[in-house]
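Read the structure below first, then the notes.
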């Protein structure tokens with residue numbers, strides 16, 4: 008466990024005791040903010056790894072072996088110390104992701120053989136969208152950063168963590184490959200990225216702006232946060248993605264975002280773009296403020312839209328320091344929590360939630376806990392953070408399976424309480440359904456079952472955009488290690 012996690016654990020053990028299950032009927036008394044943070048971390052990792060290394064859900068690519076060998080050498084300075092990386096059998100990398108697929112396995116599961124963890128291609132929806140691609144690139148980039156944290160995964164001189172430092176190299180390479188493919192093979196001359204049917208996914212354009220800006224930012228840094236180096240440093244690619252971001256931003260200057268989801272995503276993307284600090288990016292700050300003002304007045308139809316709205320307003324407050332946006336965010340938080348039934352673990356006006364809704368809600372509550380301070384009731388924020396996650400994600404079947412503790416983890420990562428790695432009522436993959444089981448990934452949607460007084464998954468398919476959106480928001484619970492809230496100077 009890293010130093011930052013040990014500190015956080017000491018604080019949140021007390022919080023868990025005080026919350027005592029956060030008031031959810033049937034909830035666990037030992038489930039608190041630390042458990043949400045750690046499960047969010049692992050669910051994020053399970054979902055990404057199964058999508059981009061196992062599923063086959065998209066156009067695949069295989070990096071040249073000499074490139075793979077250089078990656079291994081970059082992460083392991085002492086190959087004779089007993090801790091060396093290996094290429095998993097059957098690993099399948101993606102250069103373009105499809106929008107959705109059936110995550111049922113088609114063969115008996117062998118955790119060490121990724122060939123047994125491919126999904127049935129007859130269940131693939133072979134469409135592509137900017138949202139699915141953008142959120143996947145963001146997730147690969149954020150996990151690449153996570154695997155580069157020295158105190159957590161070691162350095163090339165360490166005798167632990169080499170496999171995961173190597174996976175970080177793979178995630179970085181995959182993010183670059185996907186983003187470059189989109190910029191050179193899919194994007195129009197104006198920079199906009201059409202879906203495979205020729206339509207424009209407008210919210211996805213903003214997600215792609217965020218993804219391009221993220222790549223351009225971290226690929227140019229001499230050292231990554233919480234690390235003494237940057238093994239991913241690639242100034243040429245950083246310039247390429249900065250230019251792609253500039254081109255896409257220029258096209259989006261003519262776009263008036265519609266509704267709370269696109270408005271919020273536009274505000275969030277402009278934060279990432281403005282963080283680059285270029286002349287064009289600096290001009291984006293004015294547009295960010297203008298769109299945030301529109302967002303503050305937009306009507307929302309459900310908790311998912313309210314979550315989007317709140318998430319964007321917190322970002323506007325955080326970046327501009329304008330108290331108007333803090334007040335608007337506080338009103339949004341109060342309305343969100345005012346419609347929540349803690350005993351039943353649901354928003355009373357909503358009978359179902361998509362995985363994208365849950366991503367927005369949890370992301371908004373997390374951002375409120377981090378940045379609204381004493382302007383909100385932080386105790387209530389903690390309760391909602393714990394209660395809704397336990398109700399929707401865990402007890403509601405949104406996370407469809409979890410692997411055993413020894414699977415997909417380094418030995419040095421297996422010393423925490425079992426509840427950190429997955430909720431005990433969630434089945435292991437082979438027992439999750441079907442002949443061979445279901446991958447440890449999110450379902451597309453949950454619906455309230457009044458007879459059972461709980462949510463249940465009513466669409467078990469994997470929605471790439473929503474699942475990767477949630478996986479990003481969930482890793483950002485751990486913003487002490489992976490900060491999804493970039494600084495704009």
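Numbering (our numbering), first residue to last: 8 to 496.
Even for Gly, the Cβ is constructed at its ideal location relative to N, Cα and C.
When you compare only the Cα positions, how much space is there between residue 391 and residue 354? 11 angstroms
Would you report the Cα separation of residue 63 and residue 191, rounded to the nearest angstrom? Distance between the alpha carbons of residue 63 and residue 191 is about 22 angstroms.
Quick check on the DSSP output: what are the complete alpha helix (DSSP H) runs of length 4 or more inside the segment 203-268, in order along the chain? DSSP runs (the alpha helix (DSSP H)) wholly in the segment 203-268: 209-225, 242-259.
Going by alpha carbons, who is nearest to residue 240 out of 324, 377, 176, 107? 176
Cβ distance (whole Å) where residue 43 is taken to contact residue 393 below 8 angstroms: 6 angstroms
Give the secondary structure of residue 461 by DSSP, where H, G and I count as helix, E and B as strand, and everything else as coil. strand
If we count the other Cβ atoms within 10 Å of its Cβ and call it buried at 16 or more, is residue 203 buried or exposed? exposed
Cβ of residue 58 within 9 angstroms of Cβ of residue 471? Yes; because the gap between Cβ atoms is below 9 angstroms, this pair is in contact.
Between the C-alpha atoms of residue 405 and residue 464, what's the straight-line distance to the nearest angstrom? 6 angstroms
Are the segment 69-76 and the segment 107-121 touching by the rule of at least three beta carbon pairs closer than 8 angstroms? no
Coil, strand or helix - residue 158 by DSSP: helix
Between residue 443 and residue 112, is the Cβ-Cβ spacing less than 9 angstroms? Yes, they are a contact pair.
Less than 9 angstroms separating the beta-carbons of residue 490 and residue 232? Contact flag set, yes.
What do you reckon, are the CB atoms on residue 212 and residue 259 nearer than 9 angstroms? yes
Below 7 angstroms CB to CB, which residues in the same chain sit around residue 288 once its five sequence neighbours on both sides are set aside? 280, 281
Nearest by alpha-carbon distance to residue 334: which of 299, 479, 61 is it? 299
What are the residues that DSSP puts in a beta bridge with residue 485? According to DSSP, which records beta bridges pairwise, residue 485 is partnered with nothing at all.
Just to check my reading of the structure: residue 7 and residue 92 have Cβ atoms closer than 8 angstroms, yes? What is that Cβ distance to the nearest angstrom? Any answer about residue 7 is impossible in this case: the structure gives the chain only from 8 up to 496.
Is it a yes or a no for the segment 244-255 touching the segment 303-322, going by three-plus beta-carbon pairs under 8 angstroms? Between the segment 244-255 and the segment 303-322, the count of C-beta pairs closer than 8 angstroms stays below three; the two stretches do not touch.
Per the DSSP calculation, residue 469 is bridged to which residue(s)? 108
DSSP three-state assignment for residue 480, whether helix, strand or coil: helix
Exposed or buried, what is residue 34 when buried is set at 16 or more other beta-carbons lying within 10 Å of its beta-carbon? buried
Range covered by the beta strand (DSSP E) that runs through residue 499: Nothing about residue 499 can be read from this structure; the chain reaches only from 8 to 496.
Would you identify the three-state DSSP class for residue 359, choosing helix, strand or coil? strand
Residue 338 (DSSP reduced to helix, strand or coil): helix
Could you say which of 416, 347, 446 lies nearest to residue 399 if we only look at CA atoms? 347
Under the three-state DSSP convention, the category residue 76 falls into: Helix, per DSSP.
For the segment 264-277 against the segment 311-329, do three or more pairs of beta-carbon atoms, one drawn from each stretch, fall closer than 8 angstroms, so that the two count as touching? A contact exists between the segment 264-277 and the segment 311-329.
Would you kindly report the start and end of the unbroken beta strand (DSSP E) that includes residue 66? 65-68
Would residue 146 be called buried (16 or more neighbouring beta carbons within 10 Å of its own) or exposed? buried
Whole-Å CB distance - residue 134 paired with residue 154, under 8 angstroms assumed: Rounded, the Cβ-Cβ distance is 30 angstroms, inconsistent with contact.
Residue closest to residue 105, alpha-carbon to alpha-carbon, out of 187, 124, 82, 65: 65
For residue 373, count neighbouring Cβ atoms within 10 angstroms of its own Cβ and tell me buried if that reaches 16, exposed if not. buried
6 angstroms Cβ shell around residue 141 - same chain, five flanking residues per side excluded: Within the same chain, and ignoring the five residues on either side of residue 141 in sequence, the residues whose Cβ sits closer than 6 angstroms to its Cβ are 211, 214, 215, 218.
Proximal residues to residue 362 (C-beta, below 8 angstroms), its chain only, five neighbours per side dropped: 405, 449, 450, 451, 452, 470, 473, 474, 476, 477
Under the three-state reduction of DSSP, which class applies to residue 148: helix, strand or coil? Correct three-state label for residue 148: helix.
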